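Note that the working numbering has the sequence shown beginning at 14, numbered continuously upward. Contents: one structure, followed by commentary.
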Amino acid sequence: MAWRIGETFGDGRCRAASAERNRDPILVVLEWVLPERGLVLEIGSGTGQHVVHFARALPRLIWQPDAELRAFDPHWGVRDLEDVQRAASSAGFALSEVIDMPANNLSLVFRKTVLASA
Numbered sequence: 014m015a016w017r018i019g020e021t022f023g024d025g026r027c028r029a030a031s032a033e034r035n036r037d038p039i040l041v042v043l044e045w046v047l048p049e050r051g052l053v054l055e056i057g058s059g060t061g062q063h064v065v066h067f068a069r070a071l072p073r074l075i076w077q078p079d080a081e082l083r084a085f086d087p088h089w090g091v092r093d094l095e096d097v098q099r100a101a102s103s104a105g106f107a108l109s110e111v112i113d114m115p116a117n118n119l120s121l122v123f124r125k126t127v128l129a130s131a
């Protein structure tokens with residue numbers, strides 16, 4: 014069975030009403046925590062609506078959507094903050110902020126850990 018996000022257009026694009034509703038609250042968080050310039054990996058790409066909106070609003074950042082997350086996953090969504098922290102830590106990231114969002118969601122801000130030189 015194919016996984017469907019909202020409506021799908023003839024050219025393959027998808028649109029989810031939930032992405033439209035939460036893109037601006039997420040953008041407020043991103044404007045607060047991201048640097049003026051840099052590289053951002055957007056790991057919850059889904060329909061791609063968020064990364065398009067964020068790239069237009071924050072043009073000095075380079076956005077890299079993670080296309081692998083667009084594939085169907087029966088366990089879609091992250092429910093355990095500790096699991097996310099462990100995965101991030103193993104990749105060299107540390108949790109710096111947890112921000113409550115609308116619709117019982119969280120924005121998690123991870124920052125790359127800088128290793129002290131020996």
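Virtual Cβ for every residue (Gly too), placed ideally from N, Cα, C. Bear in mind that the values here come from a model prediction, so they are computed numbers and not experimental data.
Non-local C-beta neighbours of residue 120 in its own chain, meaning closer than 7 Å and more than five positions away in sequence, comprise 39, 42, 112 and 114, ordered along the chain. Just so you know, the alpha carbons of residue 77 and residue 110 end up roughly 21 Å apart.
In the same chain as residue 122, and ignoring 5 residues on each side of it, the C-beta atoms closer than 6 Å to its own belong to 46, 109 and 110, in chain order. Rounded to the nearest angstrom, the Cβ distance from residue 29 to residue 62 is 7 Å, consistent with a contact under 8 Å. Annotation for residue 66: 36 place their beta carbon closer than 6 Å to its own, counting only its chain and skipping 5 residues before and after.
Under the three-state reduction of DSSP, residue 39 is assigned to helix. Residue burial is scored here from C-beta neighbours: residue 127 has fewer than 16 other C-beta atoms within 10 angstroms and is therefore classed as exposed. Cβ-Cβ distances below 6 Å link residue 101 to 123 in the same chain, with the five nearest sequence neighbours on each side left out; the list follows chain order. For residue 22, no alpha helix (DSSP H) segment is defined, and its DSSP state is neither H nor E.
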